[in-house]
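What follows is a single structure, written as structure tokens, with notes after it.
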Amino acid sequence: MKKTSLVAIPIVLFSLLVIFLFKGLFSDPRELDSQVKDKTLPAFSLPDLMQPDVTYTPEDLKGQVTILNVWGVWCVTCAVEMPYLTQLKNEQDVHIVGLYFDQDLDPDFGTKTLSRVQQEVTEMLSRYGNPYAYNIFDVYRDTSLDLGVTGAPEHFVIDANGVIRMHHIGDINERVWNTKVGPLYNKLVAQAAKTQGADAHTEVNAVMSDDKSAQGGLQ
């Protein structure tokens, strides 16, 4: 009996190792559980990259479904995905907001003036396309860290209530859009439109009710 147990233990351990390696081999490293999924955006107050006098907060991302795209001019993959993101904006009216940070503004990497950053961003967007409604400047990367960002590009699909519904690590290409990001985005847009339509209908009914009450009072 003891001999059978001793033989079985290595077999069980080997089987567990094979299962673990098999899962790792076929898993997508971009399919990671995100700690911010289904949570509201973390608090922030950050400037517009091109108009520093303009400040954004999470409230500015409410009322419309948004893809928040973390990127930088130093990111090669960001340049690769930019033409397709621009196509989504122009052809499907996808609302994309950039969350921009620059490594050279970090004391650990060097220094760069704001005007230099703006120049580099303008040149990159002119070359590859501009998919952004606007760019939020994450000056010290605090918001990126709060979101659990590990690099770029990364994307957060945010519903009209400001809740993060998806965190996608890596670029958005045609395949990723059609099979993963796009279906959720379009579903959220449809839900937001339905909710806004119901709210508008309720408001109209309330106005009509008030008018009838006012007319009844005049009789």
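Numbered as in full-length UniProt numbering, the sequence shown ends at 219 without a single skipped number. Positions of the beta carbon are idealized from the N, C-alpha and C atoms, including for glycine.
#1: Mapping the DSSP letters down to three states, classify residue 40 as helix, strand or coil.
#2: Put residue 100 into one of helix, strand or coil per three-state DSSP.
#3: Name the residue from 42, 97, 193, 55 whose alpha carbon lies nearest to the alpha carbon of residue 66.
#4: Tell me which residue opens and which closes the beta strand (DSSP E) that residue 135 is part of.
#5: Assign residue 53 to one of three DSSP states: helix, strand, or coil.
#6: Could you work out which residue in 115, 164, 78, 100 is closest to residue 140 when comparing CA atoms only?
#7: Does DSSP put residue 159 in a helix, in a strand, or in coil?
#8: Can you name the residues that DSSP bridges to residue 95?
#9: Looking only at C-alpha atoms, which of 38, 145, 186 sits nearest to residue 70?
#10: Can you say whether residue 197 is buried or exposed, counting buried as having 16 or more other CB atoms within 10 angstroms of its CB?
From the atom records:
#1: strand
#2: strand
#3: Nearest of 42, 97, 193, 55 to residue 66, Cα basis: 97.
#4: 135-137
#5: In this structure, residue 53 counts as coil in the three-state DSSP scheme.
#6: 100
#7: coil
#8: The partner list for residue 95 (beta bridge, DSSP) is empty, contrary to what the question assumes.
#9: 145
#10: exposed
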